[in-house]
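In this note's numbering, the protein residues as written are 15 to 73.
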């Protein structure tokens, strides 16, 4: 069995692992938010074109 002294290095790494996890989550969130915003802008651009086209067709 491992004695208690072997676990102390693992406990020292826990804050570092939390920091890495928060950093990775932040990067993932930013990338997914940018991707969602690009899709939203593309949809809005298509709607705008359709409205302009229907406005031109009415006149």
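Every residue, glycine too, gets a C-beta built ideally from N, C-alpha and C.
Per DSSP, residue 26 is one residue of the alpha helix (DSSP H) stretching across 22-72. If you draw a straight line from the Cα of residue 26 to the Cα of residue 32, it is about 11 Å long.
In this structure, the alpha-carbon of residue 28 lies about 21 Å from that of residue 42.
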